[in-house]
Amino acid sequence: MSAVGILLCAGSSNRMGFDKLNTPLFGKTAIERSMEALLAGGCDSLVFVVSGASEQTVASLSVPVPFSVVPGGKERSDSVRNGLNAASGEVAVIHDAARCFVSPAVVKASIESAEKSGSGVAAIPMTDTVVRLLDGTVETLDRNTLFRMQTPQAFRLSEIRAAYETGGAATDDATLYAKAFGVPNLIPGSENNRKLTTATDWAWAVERLCPSVYGIGFDTHRLVEGRELILGGVKIPFEKGLLGHSDADVLLHAIMDAILGALKLGDIGKLFPDTDERYRGISSRKLLREVNALVQKRGMYVSHIDATVICERPKLAPHREAIERTIAADLMISPDDVSVKATTTEGMNDEGRGLCISAQAIASLAHK
Ligand code: MG
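Put into structure tokens, the structure is as follows:
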């Protein structure tokens, strides 16, 4: 059977504050993502129902199947009606473009159900308790009879068209279908098939698509006599040490700045100002653990660190493993996820002349 996807791209974005359908999310708009899912799920033609900016978005798509573009109406049901009138095929798959994370499997299941029984509507059984507050009374509804309706909602084209001709307005297609033809067949929807409605939904989508964020850090400290040399939390035997308000652990400072950069929280100078007596002589390991607590508070973890120490002397190779283990312990991750390298500058620059040691680092953070 042929299946036509009716993609509703005409919704207003009042609740989001910006245009959720036409703003690219990691390179693709919600409209494009929804189109791809409909095609992968088995639609062999499409009708785009557009208004405003979505008209340009649709015009910019390369659509590999026959398609048409029709204007949206005042209400959702007007838009669907316009789409159905422009459609041809045996099964119509009506889908809100704002549900752009629908899986092709759900689309396929809805089409197969419509082919078999006339309808296939994605829905999720209610697991929360739902109450109705009315005139000071609380009525607990039987959740076994409650469902959250999603799209796709697939029907025989001729039937859903007839339902729309006689049914009036509704916020979903299943309601109109039920009036004309009885209860539709429900197929399992998915929590990932979430409608991008609020800023929280958008943040969820960003996390889903971008599991990692990255930050970069750099630091330099002067090498002086009369100080201990601490690098990556490890005491290194050497005739000089680094000068600073804290223990001047240049490597941990670069790593902390990288992590704070990934969190967009500024740098360690902002968090632990060197005018604050509390931080005089403090172990930078303690500060690193505090920074890691901020990562955890965001629901994230440091997934990888890569760092380079730039110094002429001493040789760091004998201490590398101990440094990586120490950093990993403070970040509560595996030493396999911490990489520390060292380089000289071949006698050039202030590092090469032994005046200072510098360090640079990149931190990757992932959502738990
Ligand atoms: Mg520093």
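With my numbering, letter number 224 in the sequence shown gets 226, and the count goes up by one each step, no holes.
We put the CB at the ideal spot given by N, CA and C, even for glycine.
Legend entry - heavy atom of the ligand MG below 7 Å from V252 C-beta: Against the sequence shown, residue 252 aligns to sequence position 250. Yes, since a heavy atom of the ligand MG falls inside the 7 Å radius drawn around the Cβ of V252.
Inset, instruction - Assuming T59 and I96 form a contact by the criterion Cβ under 8 Å, report the distance between their Cβ atoms to the nearest whole angstrom. - result: The sequence position of residue 59 within the sequence shown is 57, counting from 1. The sequence position of residue 96 within the sequence shown is 94, counting from 1. Between I96 and T59 the Cβ distance is about 19 Å, and since that is not below 8 Å, they are no contact.
Inset, instruction - Report the partner residues of I189 according to the DSSP bridge assignment. - result: One-based indexing of the sequence shown puts residue 189 at position 187. BP columns for I189 point to A124.
Inset, instruction - Starting from the Cα of G44, find the closest Cα among M3, M258, T31, S64 and give me that residue. - result: As a working note, residue 44 is residue 42 in the sequence shown. Taking only the C-alpha atoms, the option nearest G44 is M3.
Legend entry - Span separating the alpha-carbon of G170 from that of L367: Looking up residue 170 in the sequence shown gives position 168. Looking up residue 367 in the sequence shown gives position 365. One C-alpha to the other measures close to 50 Å.
Legend entry - N-terminal and C-terminal residue of the beta strand (DSSP E) that D221 is part of: What you label residue 221 is simply residue 219 of the sequence shown in a count that begins at 1. Segment 214-227, the beta strand (DSSP E) holding D221.
Inset, instruction - Return yes when at least one heavy atom of the ligand MG lies under 7 Å from the C-beta of D221, else no. - result: Along the sequence shown, read from residue 1 onward, the residue named residue 221 stands at position 219. Yes, the ligand MG has a heavy atom inside 7 Å of this Cβ.
Inset, instruction - Confirm the yes/no value for this check: CB of G243, any heavy atom of the ligand MG, distance under 7 Å. - result: Here residue 243 is taken as the residue at index 241 of the sequence shown, counted from 1. No; taking the cut-off as 7 Å, the Cβ of G243 has no heavy atom of the ligand MG nearer than that.
Legend entry - Beta-carbon proximity list for V67, same chain, < 8 Å, skipping 5 on both sides: For the purposes of this step, residue 67 is taken as the residue at position 65 of the sequence shown. Excluding sequence neighbours, V67 sits near L41, C45, D46, S47, L48.
Inset, instruction - Locate the alpha helix (DSSP H) running through S70, then write down its first and last residues. - result: Within the sequence shown, the letter at position 68 stands for residue 70. Counting along the chain, S70 falls outside any alpha helix (DSSP H), though it belongs to the beta strand (DSSP E) covering 69-73.
Inset, instruction - Using 10 angstroms around the beta-carbon of M334, count the other beta-carbons present and answer buried if the total reaches 16, otherwise exposed. - result: As a working mapping, residue 334 is identified with position 332 in the sequence shown. So M334 ends up on the exposed side.
Legend entry - the segment 218-236 contacting the segment 244-263, beta-carbon criterion three pairs below 8 Å: yes
Inset, instruction - Would you identify the three-state DSSP class for E326, choosing helix, strand or coil? - result: To locate residue 326, count along the sequence shown from 1; it is residue 324. Three-state result, E326: helix.
Inset, instruction - Please classify K30: does DSSP put it in a helix, a strand, or coil? - result: For this step, residue 30 is matched to residue 28 along the sequence shown. In the structure shown, K30 sits in a strand (DSSP, three-state: E or B).
Inset, instruction - Report yes if the CB atom of V293 is closer than 8 Å to the CB atom of A361, and no otherwise. - result: Against the sequence shown, residue 293 aligns to sequence position 291. Against the sequence shown, residue 361 aligns to sequence position 359. In this structure, A361 does not lie closer than 8 Å to V293 by Cβ.
Inset, instruction - Report buried or exposed for G122, applying the criterion of at least 16 other Cβ atoms within 10 angstroms of its Cβ. - result: Here residue 122 is taken as the residue at index 120 of the sequence shown, counted from 1. When all chains shown are included, G122 counts as buried.
Inset, instruction - Spell out the partners DSSP gives I364 in its beta bridges. - result: As a position in the sequence shown, residue 364 is number 362, starting the count at 1. I364 pairs with I218, D308.
Inset, instruction - Give a single yes or no on whether G246 has its beta carbon closer than 7 Å to a heavy atom of the ligand MG. - result: Along the sequence shown, one-based indexing puts residue 246 at 244. Under cutoff, so the answer is yes.
Legend entry - Three-state class that DSSP yields for S105 in the structure shown: As a working mapping, residue 105 is identified with position 103 in the sequence shown. Three-state DSSP puts S105 in coil, outside helix and strand.
Inset, instruction - Starting from the C-beta of S192, find all residues in its chain whose C-beta is less than 7 Å away, skip the five residues before and the five after it, and write them out in chain order. - result: For the purposes of this step, residue 192 is identified with residue 190 of the sequence shown, where counting begins at 1. Cβ neighbours of S192 beyond the five flanking positions: S105, V108.
Legend entry - Sheet register partners of T142 (DSSP bridge): Here residue 142 is taken as the residue at index 140 of the sequence shown, counted from 1. Its beta-bridge partners are V133.
Inset, instruction - Give a yes or no on contact between the segment 275-291 and the segment 307-324, applying the rule of three or more CB pairs nearer than 8 Å. - result: Too few Cβ pairs lie closer than 8 Å, so no.
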